[in-house]
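This report concerns only the one structure given below.
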């Protein structure tokens, strides 16, 4: 039986959709205990910095018969360091209406629109659809839909948590390096250093000015929490810590995030990431946090997963990135 007669498919209608989108994301967050929290203000701020995505043409919204938003997706793209045009898309579907049929329908729409955009933009010779499966243990229907549409798992990620009541042994910094506060005039330089270091990571795309503006305008952007190591006036490495106070409030947590973590090439293999990470854990503990969290690519060639385990982090969630090659229309 075709279930689509129960739904209304429409495009994005503007700012009035932001509260509906936030409500859907919040209901998903509560149902799945994602421990993330998104408001209409967050969405409006993020959408004011969109690049390579036009909501009026690149979004599909799904409403039920009562007019409630029950799903939406949006096509956007970047060109990664391998010169691939990578199309990614949020895939927000209310848990009560998730079926393989509906998810496959949305994936078909995403692919059709991505092929149109690939032809219109003409920025690369290789084109990829990239999907994120948040929880490999529970997102069974989405995985079935992705595999049914020809997607293949290409990368595995872990969320890891560290109990701050356990012993935190802070090693000394390598000789000649120091941690000091980051003045506002250096915020962008720190982000540039992060971007440079991440060029060695799988799937990296250059950080744009719009990306920086979106990040720096977020309530969780707090450079006072950063642990940045300097070699004279050179930025060597950093842990760009954050505390999401709204998510902590909603889910009754006392959690800090200890990522992203980066070390620039000339300063690697000297124990710098460990020293900055352990300093970050101590700082968060002194702030009253009870745990720290980070995300890691388990196939990272730098050995990040092993490092984090040795610092006391334990994996709590496995995620997967799926990809599919497409050809422009």
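Numbering (my numbering), first residue to last: 11 to 339.
Every residue gets a Cβ at the ideal spot worked out from N, C-alpha and C, and that includes glycine.
Assign residue i to one of three DSSP states: helix, strand, or coil.
i: residue 91; result: coil
i: residue 14; result: helix
i: residue 208; result: helix
i: residue 278; result: coil
i: residue 270; result: coil
i: residue 63; result: coil
i: residue 127; result: helix
Taking Cβ to Cβ, would you say residue i is nearer than 8 Å to residue j?
i: residue 325; j: residue 168; result: yes
i: residue 47; j: residue 260; result: yes
i: residue 304; j: residue 323; result: yes
i: residue 70; j: residue 143; result: no
i: residue 85; j: residue 63; result: yes
i: residue 103; j: residue 113; result: yes
i: residue 248; j: residue 286; result: yes
i: residue 89; j: residue 215; result: yes
i: residue 151; j: residue 141; result: no
Roughly how many whole angstroms lie between the Cα atoms of residue i and residue j?
i: residue 218; j: residue 98; result: 16 Å
i: residue 188; j: residue 240; result: 5 Å
i: residue 349; j: residue 45; result: Not covered by the structure: residue 349. The range shown for the chain is 11 to 339.
i: residue 258; j: residue 230; result: 12 Å
i: residue 282; j: residue 235; result: 17 Å
i: residue 321; j: residue 226; result: 28 Å
i: residue 164; j: residue 237; result: 32 Å
i: residue 21; j: residue 288; result: 47 Å
i: residue 299; j: residue 176; result: 12 Å
i: residue 204; j: residue 197; result: 11 Å
i: residue 24; j: residue 33; result: 16 Å
Within its chain, find whatever has a CB closer than 7 Å to the CB of residue i; leave out the 5 residues flanking it on each side and keep chain order.
i: residue 338; result: 125, 128, 129, 137
i: residue 209; result: 91
Tell me, to the nearest whole angstrom, how far the beta carbon of residue i is from that of residue j; I am working on the premise that it is less than 8 Å.
i: residue 13; j: residue 105; result: In fact, because the Cβ distance is near 15 Å, the residues do not count as touching under 8 Å.
i: residue 334; j: residue 158; result: Their Cβ separation, rounded to whole angstroms, is 11 Å, which puts residue 334 and residue 158 out of contact at 8 Å.
i: residue 302; j: residue 268; result: 5 Å
i: residue 327; j: residue 174; result: The Cβ separation is near 19 Å, so there is no contact.
i: residue 87; j: residue 75; result: About 33 Å separates the two Cβ atoms, so there is no contact after all.
Considering only heavy atoms of the ligand SAH, does any lie closer than 7 Å to the CB of residue i?
i: residue 71; result: Looking for the ligand SAH in the displayed structure turns up nothing, as the structure carries no ligands at all.
Counting only the same chain and skipping the five closest in sequence on each side, list residues whose C-beta sits under 6 Å from that of residue i.
i: residue 101; result: 83
Below 8 Å CB to CB, which residues in the same chain sit around residue i once its five sequence neighbours on both sides are set aside?
i: residue 252; result: 230, 231, 232, 235, 266, 267
i: residue 181; result: 281, 284, 285, 288
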